[in-house]
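Visitor:
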Amino acid sequence: MKITNTQRILSLLVLICCGNSVAAASTGILNVTGSIKLATCYFDSVEGQEHKDYDWKMPQVSVGSLRTAGMTHGRSLGSIHIGGVHCTNGYTPYITLGTGPTVNADTGNLVNTLIGEAENVEIRLLMNDKPLDLRTGPRVGCAVIVDNRSQCDIGYEYYATGRATPGKVKSAVLFNISYD
């Protein structure tokens, strides 16, 4: 098949016209912007402790106060204080509680890690006076940062899974802080 000059010119014009349309339709600039905040807060203290590992002492209670499943007793309340020079005002810190081997997969409470001590009793964690299900790795908001400081209210209470037996109770949970 022989292509004439007229066909070549028409083909070239079609290519130029369509090519410009395609180029115009597929050309643009995508600008992406953002910012990184310097919000680095530290755990100041829990009732005066100046480090990240906190020892929370619960009151001694009688087995009679934990005689049936679901009973609670011995609630202890306090606060985790967060602060520091780079703890940016106006942001909300969150405490995220870890899941792990100390969390009962059925109840979401902390199990007693001491062998041969109190049985049928767990420790239920509370934030802002509300029970938390630790199976979900809850993220709990604290007070908005003001003057480079914030506070998260925390508490613990004994929780009976049956008739409690006498003995010591101990458990632990990992936590970290993040910001929005």
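Numbered according to mature numbering (1 follows the signal peptide of the UniProt record, and there is no 0), the sequence shown spans residues -23 to -1, 1 to 157.
Beta carbons: idealized from backbone N, C-alpha and C, even for Gly.
Could you spell out where the beta strand (DSSP E) holding residue 117 opens and where it closes?
Guide: 116 to 118 is the span of the beta strand (DSSP E), which, as asked, contains residue 117.
Visitor: Could you spell out where the beta strand (DSSP E) holding residue 137 opens and where it closes?
Guide: Unbroken beta strand (DSSP E) run through residue 137: 126 to 137.
Visitor: Just confirm the distance between the C-beta atoms of residue 84 and residue 99, as a whole number of angstroms; I'd bet it's less than 8 Å.
Guide: With a Cβ gap of about 6 Å, residue 84 and residue 99 count as contacting.
Visitor: Specify, as a first and last residue, the run of the beta strand (DSSP E) that residue 44 falls within.
Guide: Segment: none, residue 44 is in no beta strand (DSSP E) and carries neither H nor E.
Visitor: With residue 71 and residue 155 assumed to form a contact (beta carbons below 8 Å), what rounded beta-carbon distance in angstroms separates them?
Guide: Yes, residue 71 and residue 155 are in contact; Cβ-Cβ is about 5 Å, under 8 Å.
Visitor: With C-beta atoms as the reference, is residue 111 less than 8 Å away from residue 102?
Guide: Going by C-beta atoms, residue 111 is nearer than 8 Å to residue 102.
Visitor: Can you give me the C-alpha to C-alpha distance between residue 149 and residue 79, rounded to a whole angstrom?
Guide: Computed Cα separation, rounded: 7 Å.
Visitor: Inspect the beta-carbon positions of residue 135 and residue 49 and report whether they are closer than 8 Å.
Guide: Contact flag set, yes.
Visitor: For the candidate residues 153, 47 and 42, whose alpha-carbon lies nearest to that of residue 86?
Guide: Nearest C-alpha to residue 86: 47.
Visitor: What beta strand (DSSP E) runs, 3 residues minimum, are completely inside the stretch 69 to 93?
Guide: Counting only runs of 3 or more, we get 70 to 74.
Visitor: Checking the sheet assignment: what are the DSSP bridge partners for residue 104?
Guide: 107 and 131.
Visitor: Measuring only the C-alpha atoms, how far is residue 37 from residue 125?
Guide: Whole-angstrom Cα-Cα distance: 36 Å.
Visitor: I need the straight-line Cα distance from residue 144 to residue 66, nearest angstrom please.
Guide: Straight-line Cα distance between these residues: approximately 45 Å.
Visitor: Quick one: is residue 123 buried, meaning 16 or more other Cβ sit within 10 Å of its Cβ, or exposed?
Guide: Residue 123 comes out exposed.
Visitor: How is residue 140 classed by DSSP in three states: helix, strand or coil?
Guide: Here residue 140 sits in coil by DSSP.
Visitor: Output the distance between the C-alpha atoms of residue 113 and residue 153, rounded to the nearest integer angstrom.
Guide: Distance between the alpha carbons of residue 113 and residue 153 is about 15 Å.
Visitor: What do you reckon, are the CB atoms on residue 62 and residue 141 nearer than 8 Å?
Guide: No, the pair does not count as a contact, with Cβ atoms beyond the cut-off.
Visitor: Examine chain C for any beta-carbon lying closer than 8 Å to the beta-carbon of residue 124, and answer yes or no.
Guide: Of the protein chains in the structure, only one exists, and it is not chain C.
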